[in-house]
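Its first residue numbered 1, the sequence shown is counted upward by one per residue in UniProt numbering.
Glycine included, every Cβ here is placed at the ideal spot set by N, Cα and C.
Just so it is clear, the structure is predicted and the values come from calculations on it, not from any experiment.
Before any comments, here is the structure.
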Amino acid sequence: MGRDIWDRVGGHHGRGDGTQSGEVVRTGERVTLRRHVPGNRSAFQRWYADAEIARLLRHDLSPLTERQSRGYFDTLILPLSARGMCWAIHETDSERLVGSAAITDVIRTTGSGLYRIVIGEKDRWGQGLGTEATRLVLGEAGETLGLRQVRLEVFGHNERAIASYRRVGFRQTGEHQEWVPRQGLQIDVREMVIDLDHVVPPGSLPLDSMGDGRDAP
Numbered sequence: 001m002g003r004d005i006w007d008r009v010g011g012h013h014g015r016g017d018g019t020q021s022g023e024v025v026r027t028g029e030r031v032t033l034r035r036h037v038p039g040n041r042s043a044f045q046r047w048y049a050d051a052e053i054a055r056l057l058r059h060d061l062s063p064l065t066e067r068q069s070r071g072y073f074d075t076l077i078l079p080l081s082a083r084g085m086c087w088a089i090h091e092t093d094s095e096r097l098v099g100s101a102a103i104t105d106v107i108r109t110t111g112s113g114l115y116r117i118v119i120g121e122k123d124r125w126g127q128g129l130g131t132e133a134t135r136l137v138l139g140e141a142g143e144t145l146g147l148r149q150v151r152l153e154v155f156g157h158n159e160r161a162i163a164s165y166r167r168v169g170f171r172q173t174g175e176h177q178e179w180v181p182r183q184g185l186q187i188d189v190r191e192m193v194i195d196l197d198h199v200v201p202p203g204s205l206p207l208d209s210m211g212d213g214r215d216a217p
């Protein structure tokens with residue numbers, strides 16, 4: 001993961017969606033990873049209250065309540081971000097907060113971590129922001145966190161996200177089904193992994209990619 005693709009910077013604070021933006025961690029052409037700040041909470045809560053986003057991301061397919069999302073942000077997102085394992089995704093030019101990404105469940109013996117991302121601003125879906133953010137996070141995972149491999153789970157019905165992951169270089173390694181009692185239905189979950197020396201640079205497309213490569217949450 002070369003520095004010609006990503007520049008590592010720090011120390012800058014800017015104005016984004018009306019709140020003080022966090023410290024810049026890594027910047028790309030279209031999106032920038034920053035530390036989360038408490039002012040991001042309201043946007044985060046709005047995203048996770050959205051039924052469409054819940055259908056694409058949450059294993060119970062249900063939105064979070066206001067209390068749940070506040071607790072999630074304050075007890076998980078902010079501490080993880082302070083430890084350099086969770087990032088706010090901002091548009092580089094406007095500094096607008098558009099999403100969040102994290103590496104969790106790190107297994108030190110194998111050098112592996114679990115990837116999570118949401119592009120919460122739906123007017124920014126389908127514009128490649130999630131794909132670039134994923135590449136930036138993989139740069140952090142390898143160069144800063146010292147990981148060798150990143151894995152993820154994605155619902156089979158989230159086809160745009162699957163296409164985005166394949167563009168970056170993730171490959172499917174398995175699949176399982178989960179029963180959602182409250183919804184009375186079964187969902188297919190794809191298991192994917194990427195070795196961090198096999199990240200596909202922008203402008204390249206792996207042979208097994210599918211769809212048009214647009215992102216979704």
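| Just the Cα atoms here: how many angstroms apart are Gly169 and Val200? | 5 Å
| said: Does Thr101 come out as helix, strand or coil in the three-state DSSP assignment? | reply: The sequence given here has Ala at residue 101, not Thr. In the structure shown, Ala101 sits in a strand (DSSP, three-state: E or B).
| Which two residues bound the contiguous beta strand (DSSP E) that contains Gln186? | Leu185 to Asp195
| Within this structure, are the beta carbons of Leu138 and Val154 separated by less than 8 Å? | no
| task | May I ask you to report which of helix, strand or coil DSSP gives Gln68? | result | helix
| query | Which residues bound the alpha helix (DSSP H) around Gly113? | reply | It is not in any alpha helix (DSSP H) - Gly113 instead sits in the beta strand (DSSP E) that spans Ser112 to Ile119.
| said: Is the beta carbon of Gly146 closer than 8 Å to that of Gly111? | reply: Yes, Cβ-Cβ distance for Gly111 and Gly146 is below 8 Å.
| field | Local conformation of His155 per DSSP, three classes | value | Note that residue 155 is Phe in the sequence shown here, rather than His. Three-state DSSP puts Phe155 in a strand.
| message | Do Ser100 and Gly130 have their beta-carbon atoms positioned less than 8 Å apart in this structure? | response | no
| query | Out of curiosity, what's the CA-to-CA distance linking Ser69 and Arg190? | reply | Taking the straight line joining both Cα atoms gives about 25 Å.
| request: Starting from Gly174, follow the beta strand (DSSP E) in both directions and report where the run begins and ends. | output: Arg171 to Val180
| What distance in whole Å lies between the Cβ atoms of Gly120 and Val98, which are believed to be in contact at a cut-off of 8 Å? | For Val98 against Gly120, the beta-carbon gap comes to about 7 Å, under 8 Å, which counts as contact.
| query | Under a three-way DSSP split, which group does Val137 fall into? | reply | helix
| Met64 versus Ile77: straight-line alpha-carbon distance, rounded | Reading off the sequence shown, one finds Leu at residue 64, where the question assumed Met. Each residue's Cα considered, the two are about 15 Å apart.
| The alpha helix (DSSP H) spanning Trp47 covers which residue range? | Arg41 to Tyr48
| request: Please name the residue, chosen from Thr92, Ala102 and Asp123, that lies closest to Glu29 on a Cα-to-Cα basis. | output: If we check each option's Cα against that of Glu29, Thr92 comes out closest.
| field | Simplified DSSP state of Arg83, which is helix, strand or coil | value | coil
| request: Identify, in the order they occur along the chain, each residue of the same chain with its Cβ nearer than 6 Å to the Cβ of Trp179, setting aside the five sequence neighbours on each side. | output: Gln186
| query | For the alpha helix (DSSP H) that contains Leu76, what are its first and last residues? | reply | Element bounds for Leu76: n/a, residue is neither H nor E.
| request: Measure the Cβ-Cβ separation of Thr32 and His90 and say whether it is below 8 Å. | output: yes
| query | Do you know whose CA, among Gln45, Arg116, Arg96 and Arg108, lies nearest Ala102's CA? | reply | Of Gln45, Arg116, Arg96 and Arg108, the smallest CA-CA separation from Ala102 is found for Arg116.
| query | Can Ala88 and Asn40 be called in contact, C-beta distance under 8 Å? | reply | yes
| message | Less than 8 Å between the beta carbons of Gln45 and Glu23, yes or no? | response | no
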